[in-house]
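Trainee: This structure is in structure tokens; I'll ask about it shortly.
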Amino acid sequence: MRRRDFLATLAFAASPLGLAAARAETSWPDGRVVRMIVPFPPGGTYDIAARLLVGPLNKALNTSVIIENKPGAGTNIGTEMVARAAPDGLTLFMGGIANAINETLYPKLTFNLKKDLAGVTLVASLPNVLVINPDVPAKTLQEFIALNRANPGKITFASGGIGTSPHLCAVMFGLAIGAPNTHVPYRGSAPASQDLIAGQVQAQFDSVGSALGQIKAGKLRALAVTSDHRAALLPDVPTMAEAGLPDFLVTAWMGLMAPSATPRPVIEKIAGEVDKVLAQGEVKTVLAERGYDTMGGGPAKFDAYMDNEIALWSKIVKASGAKVEQ
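Using our numbering, read the sequence shown as starting at 659 and increasing by one per residue.
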């Protein structure tokens, strides 16, 4: 090691940040409370997954893991809080697809996702399902594609807001079939679904869990799911690939992150324990009953996955023309 680098290492080790990092590396979590920031209100898909991890992690780490819901600004409030938190392993973040989208959607973020946060491990994913009002004259995805191509720009897609995964799925769909559609944003997925059922709009990409009840009740018609395999909750509904769009693959994923300077041994320990929890039969069953696929894989897999997601959504966001100023 060069003398300058050695002196810099000594200076860091003697600093409050360096001392905190050293303590975290050797004794984490040392009985201290671990906060898991969820950037959405209680009861949503991220929150459900986070709360399923808490009990097993409390036992595995011999400490208390608590959930703090910090919604707002399309997940950016919670994300910034974690990006600025002490890198001691005591603040974690349940991030996901929204963060990958926001890297392009928000041109003036106060943090850099890849520089300020570190991936710990992927947790779970949920496919979207393309649903239409039953009055739309299409029984299959191919018939719906033909309807879009015959009426470019006239088929309306609802979503819970500009830049959300369902909105960008609709953009992606239009690009994939070579026919634009019209986006109708709502303040949340619930009012979007209500207007879809009422026939005010014609189509929507929604999470399988959210749409399941209306599909089973016959109020919505499911055409295809966006994952690479059929959803366990909708076994009779084909994937987009099976129905004729082989390159259309989208899942609403989520994963744990931490401040980027968190010591690597701490990140590896958290990842290992979370992956053990995700492998438990009971946890896998409960997640599956809610439509989730478990993931896991540790920080290296997370980083590669995030890179691919940022690249994908950068193209789709730019094609949509969407932009949100904080």
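Cβ coordinates follow ideal geometry from the N, Cα and C atoms, glycine included.
With residue 885 as the anchor, note down where its beta strand (DSSP E) starts and where it stops.
Mentor: Careful: residue 885 lies outside any beta strand (DSSP E) and carries neither H nor E.
Trainee: Along the chain, where does the beta strand (DSSP E) that runs through residue 725 open and close?
Mentor: 723-727
Trainee: Could you check what DSSP says for residue 840 in three-state terms: helix, strand or coil?
Mentor: strand
Trainee: If you measure between the beta carbons of residue 706 and residue 911, is that distance less than 8 angstroms?
Mentor: no
Trainee: Three Cβ pairs or more, each shorter than 8 angstroms: is that satisfied between the region 723-739 and the region 690-699?
Mentor: When Cβ pairs closer than 8 angstroms are counted between the two stretches, the region 723-739 is seen to touch the region 690-699, the count reaching three or more.
Trainee: Restricting to Cα atoms, I'd like to know which of 732, 735, 864, 687 is closest to residue 723.
Mentor: Looking at the Cα atoms, 687 is the closest of the given residues.
Trainee: Might you give, ordered along the chain, the residues of its own chain that have their beta carbon closer than 7 angstroms to the beta carbon of residue 959, omitting 5 neighbours on each side?
Mentor: 780
Trainee: So, for residue 689: in the same chain, excluding its five sequence neighbours on each side, which residues have a beta-carbon less than 8 angstroms away from its beta-carbon?
Mentor: 720, 721
Trainee: Quick check on the burial criterion: 16 or more other C-beta atoms within 10 angstroms. Buried or exposed for residue 847?
Mentor: Residue 847 comes out buried.
Trainee: List in chain order: all unbroken beta strand (DSSP E) runs of 3+ residues lying wholly within the region 789-839.
Mentor: 814-817
Trainee: Who does residue 911 pair with in a DSSP beta bridge?
Mentor: 783.
Trainee: Please state the DSSP three-state secondary structure of residue 849.
Mentor: Correct three-state label for residue 849: helix.
Trainee: Can you tell me the Cβ-Cβ gap for residue 859 and residue 796, rounded? I've got them flagged as a contact below 8 angstroms.
Mentor: Actually they do not touch by this definition, with Cβ atoms about 15 angstroms apart.
Trainee: So, for residue 833: in the same chain, excluding its five sequence neighbours on each side, which residues have a beta-carbon less than 7 angstroms away from its beta-carbon?
Mentor: 977
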